[in-house]
Structures are given as structure tokens and as C-alpha cells.
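Numbering-wise, the sequence shown is residues -23 to -1, 1 to 625 according to mature numbering (1 follows the signal peptide of the UniProt record, and there is no 0).
Don't be surprised by glycine CBs; every beta carbon is placed ideally from N, CA and C.
What follows is one structure encoded as C-alpha cells, with my remarks underneath.
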Amino acid sequence: MVFVKRATGVILTTLALSLTTGAAPSAADPCAKFAGQQFVVPADALTCLKSFPFNETLRQNVLTNIARVFDFFTFEDFYLNSPAPFQESTTNIRADIARINRTTFATDYDFNRAVYDFTTQLNDGHTRWFPNCYTSFQNLLPTPVVTLEENGVQNVFVAPDSVEFVNLLGVNYTSHFDQIGFNFRRFAGAKVLSIEGQDPYAYADFIAKTASGNYLDHGVRVNSVFSSYRISGTDFSQRFGDISGPAFPDKNFLTMTLIPVNSTKSETVQVPFLASYVGAPFTDRASFWTANCAANDETNGVNLRNSGVSAKRATQKQARAVIIDKTPANGVGLPSQFQPRLPQTDGSTGVIKSYILPDNKTGVMFVGSFEGDFNQFQTDTVAAIDQFKASGVSRLLIDLTNNGGGFVCLGQFLHQYLAGAKIGYPGFVSTSRANPLAQKIVAADIALGVTGQISFYAPDNWAFLNDTPQPVTFNYNTPSAPFKINGVSDPTSQRFHDICTPFVVPVPEEPPFDLSNVAIVSNGNCASTCAMFSTLMFERHQTKIAIFGGKPGEQLQYKGMAGNQVLEWADLDTEIKTAGVKNDPLAPPDLLIQGNMRHNWRTAWSFLDENVPIAYESELPQFRFAYTKDTYNDPQNLWTFAASKLLH
Ligand SMILES: *[C@@H]1O[C@H](CO)[C@@H](O)[C@H](O)[C@H]1NC(C)=O
Ligand SMILES: *[C@@H]1O[C@H](CO)[C@@H](O)[C@H](O)[C@H]1NC(C)=O
Ligand SMILES: *[C@@H]1O[C@H](CO)[C@@H](O)[C@H](O)[C@H]1NC(C)=O
Ligand SMILES: *[C@@H]1O[C@H](CO)[C@@H](O)[C@H](O)[C@H]1NC(C)=O
Ligand SMILES: *[C@@H]1O[C@H](CO)[C@@H](O)[C@H](O)[C@H]1NC(C)=O
């Protein structure tokens, strides 16, 4: 059976810039003031964002849209009383929407920020409101922080590499600090005694609770407040972390008390933020709105049965489970001296970077994501493992640090490749929510003959639990299957398997390495498909997992959040329009502004207990280590350390 394919939900249109012909922008225009600049003083950025007045029509449009999207969110009723140890996320989603509906807001920003904060604090990276207008900056602090152990004690420090790291933002960033006479270079490596008047770990907890989002586990969110290495796209990169690189330009300074390197005296300083503009080009307030805020051709879905439309959207699409990291810090690499010095093996040009450690026994695959080129991920895996085998490598370390997920079937591929085809089905038992509109969509798809070529709801996307594909006429949503959580009846679809095989490369029958010689390292920021992959390795093969970092004394799960598949708003709307049910009173309205209410659309049920979604299965790593000055930004040093501890 071929992969599930469908046209992509994206049409690229030239962003309509209102071309202000000749006329100089008015000095009073709060956005024109910094048009064309790469970096902006946060107060100026916020004045522009807050210049759009609150609009009741837009509030009703957005809230009606998201309320009806939430009908599809698999975990809605779990939130009424989130199971331990995930209690922090407990909330009543319908009451939150009602509260935001009756709150008085001064500006459109304030309204959208309330929706953003409410969905972010659900701590499910698949289920969030992203108002494009207001996610167009990233506030950046020149003193990013990390947690490190020194002489057996853990403390928060300004990243020791912060000068090399921050220099990569370019002279437009650093020259601002030179102009205002703030010497951030003096604080590289400084020990941090307090942030905003609080113990730095208490401040880390606060940011993890209020701003980080994405991961159900609080401990995992604490790690995302600190700066860390990653692969972004196909390149080594360093993330600022949520304390130093928040999504909104709403803070001008961060007050820090620190002891600089080579000093014994503590100093309290107000470290200025400078915001990076990551939105579309504009010239003034009106064109800012057109480019970033007004709905465009990509905002809502389309009816893919309309041949004109599907011809335009001809790219392949596959099930994805991935978070959106809206803090991209454009163009910040990992300073080159900290990137691995070892030669890369074959198959290292994509999202996977592979190496053989100097012991000649340990192969390392740094799997940066499950995104990118679907086929290349598979051929790169084969190339790296073939070279490992040819070189006499007998043990394998997989680094999943900051892996935000990607194609569902690539997680299953890597699992099956490492465990051997003899394990059979390499994924989880799955369901979607059988709400009344979802039932109408499946029924309509069957009646219209819609197939998996253009729809995720079409029955032939999925297999029965014996791995026979469902016929295109099999209604897996009616009758629904009963499910009850927190006293609420929340029926699901009938249970099914993904269809990911055959893969584009042959999968060996036996594992290429004895699975007791395979180990995983990460910082717990391993989301979606990454969480599914590591859960499969842990639940089915008891693979050793080591997690680095976190707050000392606070527990930390090895996975961040584990849905099964995400649908962007445009994807869900395309399902609704393709099934011909957009006029149903339960259908969310088209958005009038550029935004995305994405949601977790499918549940993966735990291999250990098929009544518990893996997202809510508490699983702690067998190993936990602190970062040190030598490992926090230096993957090769971390791998060498981890191999000595995990693989004997
Ligand atoms: C600095 O910013 C300007 C726009 O203000 C841009 O044209 C230029 O390319 C930037 N310089 C660098 C080195 O990025
Ligand atoms: C509010 O937004 C709607 C939809 O974009 C628009 O038609 C209307 O003019 C706006 N109202 C005001 C007062 O600007
Ligand atoms: C918001 O409240 C108003 C007034 O009670 C109501 O008419 C409207 O339907 C509510 N909107 C949403 C999205 O719940
Ligand atoms: C601290 O002192 C050592 C020894 O004098 C020196 O090599 C190092 O550059 C100093 N570090 C900083 C950040 O000033
Ligand atoms: C590993 O292999 C390289 C190249 O064959 C060799 O130079 C080196 O001595 C080997 N190292 C060990 C620890 O055996």
C-alpha cells in the first residue's frame, strides 16, 4: 500500500504589501517607525502591535472558530482533572472560552494574547492558537541562561558561550548594545543569583508554568526555559530558551543579580531585551496588518474535490505530529567551535547527523527531527547504519535533544529499523474523537467516494488492528466506541492502526544492534513523533534513556507531549469543506484574520495500558544527569560522557 498522500494545504501568494508610492510615512505611524529594521526596541514593537483596536466582530469570529475546533481535540475532557503528575494543566476549556468572551480588552493584541496564553497553558504543543499578527517578533536577551553543575552543585549561569552565540545574531543586534553602553560580554558565564528578584530556579518554574507551553510535563518545560543545542532544519543551532527568547516584545528588561566570572562581587543589572522582527515585510501600520494579520489564501481550508484547487495543491502530504517553536531566533547557529569535530558518516546531509565516537565502538545518530525529506530520512538511516556496521560499531546512541517531531510514519520507520521487521506493526493503537460533526464528515466522505489521496478522515487511511487496510466504505466513526474520562462520556472512533509500510528502503528482519546496546539521550524536549518514537523504544524494548538538565530535585519525564497526529486549522477546514459539510451549524467559521487554531486530532494509546493515552502515561527516564560547562552546548562531549555511562 502506498503512503497516505494528499495535496498540501498551502498556496503561496505574494504577500500583498500596500505600496505606499512615494509618500513618506507619517512619523506618528507606530509601525512605520521601525519598518525594514531587523531588530526593534521592544517598547516600539509593542506600541505597533497594540495600535489595532479591539474588534468585537473579530472576537466572535475567533472564539466561535476555536470553540468548534476544540470539539475535535482528543484530550479536552482530560483537562477537567488532569491526571497526576500533570495536574498543573487542569482547566475547564469551555469556561476559559466563556471568560475570554466576557473580558473587556483594550486592543486586538490583548484579546489575542488572552487566547494565546490560555491555549499555551494547556501545555499541548499540538493544541494552540497562533495569531500570526502578534507572533511576529521574538524578544532576545544578550545574556541567555543555562543550568550547570560545577563541583557537584547545580546553579543557573549566563551561558558561558553567550558572546560567541550572540555574535551570530549579527552586528545589527550587538551594535545596539554598544550604542546604549551595555556591555553584555562581561556577563558571559556569570553565576546568576536571582532573576526578577526571585531564586533563578523559581523564575524558571514561573516561565515554565506561564509561557513555555508545548509539553504536558512541568519538568520538561523547565528545560525549555534554558538555552540548549539542537538541529534546526538541517543545521546545528542553539535555542535561546524561553527566559531569554520569549515570543512577545512585552518586556524591556530582565533584572538579574549575578557574579561575573573572575569576580566575587554580586551586581544587580537590568539587562535590556532587543526584539527580532520575524514577520513579513511592511512599510507602515496598514501594510503591517495586510501582510501579517488579515486572512489570506492560506488561512482557511479548501474543497479538494474541486479539481482546480487540488491541481494547485499538488504536493504530497502525510500525517504529521510536530510542535511549532514560535521562537525561531532567525539565523542563530551553534557556534562552530562547539559543533562536533568528528567527521560525519554517510547520510548526514539531512535532519540526521551521524558520527562514530573515537572509541570506534559507538555510533551516534543525532536525530534533529522527523521532518524534512521523507524518503531521505530513510535512506540516511540506512547509510549511517551500514557505515557503522562496516566500521565494527557495536553500540548506538541516539540524541533526541529538542526534536519537535514530524512525520508520524518516520517515527515508526526508525523504530522498526532498529527493532527489526520481525516486531510487526511498529506504531500505536489510535483513535480520533467521534463528535457529531466528525461522524458526519466520515459518512459524507464515504458517500462521496473521498479517499486518503485527499482526506485524512477517509477510511482507507487506516488499518484494522490486524493490519488489513480498512475499505474506503468502512465507517469507523459510526458506531463510535464508548470512552469515559473524568466522569464525562467522550466517545472515540473505533480503534485502528496507521498504515506506514512498506517503507522506501528494505527493513532488516533482525535488529542491526543488540537492543541492549542502544541508548537514547535528550533534554526531554522531545515532542510528538519524537515522543512516540522514544515511547515505543521504552515501552517495547526497555531502551535506556538518559535525560540531561532540568531543575535539581524536580522530576522530568523523558518525553514532552505525545499526541498521535496534529491538524492545523486549515487542514481541519479542508476536511470539512472536502466532505461538503461546511454549512453544518457545528462547522467552525472561516477565520477573518491570519491565525491557526491547531489541535491534537488523534490519540496514541499506550502499549502498556491501552486505556491510557501515552501523553498521560507517566514515564521517567532510568538515567538523569546535569549539564556541565563541557556538555550543555557541545554535543560531542555530551555523547562521549553518555556513552561512558550508558553503554558498556
Ligand atoms: C542590518 O539591518 C539592515 C536593515 O535595517 C539590513 O539591510 C542589513 O542586511 C542588516 N545587516 C546584517 C549584517 O544583517
Ligand atoms: C471589525 O472587523 C470587521 C471584520 O474585519 C470589519 O468589517 C469592521 O469594520 C471592524 N470594525 C471596526 C470598528 O473597525
Ligand atoms: C459570547 O457571549 C455572547 C453574549 O452572551 C454570546 O452571544 C456569544 O455567542 C458568545 N460567543 C461565543 C463564541 O461563545
Ligand atoms: C578570568 O581570568 C582568567 C585568568 O586570568 C582569564 O584567562 C579569563 O579570560 C578571565 N575571564 C573573564 C571572562 O574575564
Ligand atoms: C579507531 O580507529 C582509528 C582509524 O582506524 C584509529 O586510528 C584509532 O586508533 C582507533 N581508536 C581506537 C580507540 O581503537
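How is residue i classed by DSSP in three states: helix, strand or coil?
| i | result |
| --- | --- |
| Asn280 | coil |
| Gly388 | helix |
| Phe49 | coil |
| Tyr192 | coil |
| Lys330 | strand |
| Gln115 | strand |
| Ala257 | coil |
| Lys289 | Only weak support exists for where Lys289 lies, its pLDDT of 45 falling under 50; the value from the coordinates is given anyway. Three-state result, Lys289: helix. |
| Ala440 | strand |
| Tyr178 | helix |
| Asn352 | helix |
| Phe515 | helix |
| Tyr360 | According to the sequence shown, residue 360 is Ala rather than Tyr. Helix. |
| Val246 | strand |
| Arg36 | helix |
| Phe602 | strand |
| Ile462 | strand |
| Leu395 | helix |
| Met509 | helix |
| Lys338 | coil |
| Ile301 | coil |
| Ala(-1) | Low per-residue confidence applies at Ala(-1): pLDDT is 45, beneath 50, and the placement is therefore not dependable enough to give any value. |
| Ser205 | strand |
| Asp212 | strand |
| Thr(-11) | Interpretation of Thr(-11) is limited by its pLDDT of 29, a score under 50 that renders its predicted location unreliable; no figure is taken from the coordinates. |
Can the beta-carbon of residue i be found closer than 9 Å to that of residue j?
| i | j | result |
| --- | --- | --- |
| Asn69 | Tyr56 | yes |
| Thr580 | Thr450 | no |
| Ala396 | Met514 | yes |
| Leu311 | Leu334 | no |
| Thr378 | Arg162 | no |
| Val18 | Ser253 | no |
| Met233 | Val169 | yes |
| Phe203 | Val299 | no |
| Arg601 | Gly527 | yes |
| Thr512 | Phe384 | no |
| Phe584 | Phe441 | no |
| Phe473 | Ser432 | no |
| Asn454 | Ala424 | no |
| Trp616 | Val341 | yes |
| Glu173 | Leu231 | yes |
| Glu531 | Gly196 | yes |
| Ser371 | Asn452 | no |
Could you check the C-alpha separation between residue i and residue j for me, to the nearest Å?
| i | j | result |
| --- | --- | --- |
| Asn337 | Asn283 | 57 Å |
| Ser595 | Pro62 | 7 Å |
| Thr211 | Pro489 | 25 Å |
| Pro590 | Leu118 | 38 Å |
| residue 678 | Arg45 | Given a span of -23 to 625 for the chain in the structure shown, any question on residue 678 remains unanswerable. |
| Leu193 | Glu545 | 19 Å |
| Cys477 | Phe390 | 8 Å |
| Phe11 | Gln156 | 17 Å |
| residue 630 | Val279 | In the structure as shown, the chain starts at -23 and stops at 625, and residue 630 therefore has no counterpart that could be examined. |
| Pro565 | Ile77 | 18 Å |
| Leu374 | Asp491 | 12 Å |
| Lys289 | Leu281 | Confidence in Lys289 is poor, its pLDDT being 45 and thus under 50, which makes the residue's placement too unreliable to answer from. |
| Gly158 | Gly222 | 21 Å |
| Ser457 | Asn412 | 9 Å |
| Pro258 | Leu26 | 15 Å |
| Ala22 | Ala508 | 36 Å |
| Asn577 | Thr81 | 30 Å |
| Lys(-19) | Asp350 | In this prediction, Lys(-19) scores a pLDDT of 29, lower than 50, which makes its location untrustworthy; the coordinate-derived value is nonetheless stated afterwards. Those two C-alpha atoms are separated by around 14 Å. |
| Asp548 | Glu53 | 19 Å |
| Asn352 | Arg262 | 43 Å |
Our contact map puts residue i next to residue j with C-beta atoms below 8 Å; I'd like the distance itself, whole angstroms only.
| i | j | result |
| --- | --- | --- |
| Thr322 | Gln364 | 4 Å |
| Asp85 | Leu35 | 6 Å |
Tell me whether residue i, by its Cβ, gets closer than 8 Å to a heavy atom of ligand 6.
| i | result |
| --- | --- |
| Asn337 | For ligand 6, the structure offers nothing, since it holds only ligand 1, ligand 2, ligand 3, ligand 4 and ligand 5. |
- Message: Considering only heavy atoms of ligand 3 and the C-beta of each residue, which residues fall inside 7 Å, strictly closer?
- Response: The set of residues with a C-beta under 7 Å from any non-hydrogen atom of ligand 3 comprises Gln37, Leu40, Thr41, Ala44, Ile74, Ala75, Asn78, Arg79, given in chain order.
- Query: Listed by chain order, which residues have C-beta atoms less than 6 Å from any heavy atom of ligand 2?
  - Reply: That query returns the following residues: Asn32, Thr34, Leu35, Leu569.
- Item | Beta carbon nearer than 5 Å to a non-hydrogen atom of ligand 1 | That query returns the following residues: Gln14, Gln15, Gly147, Asn149.
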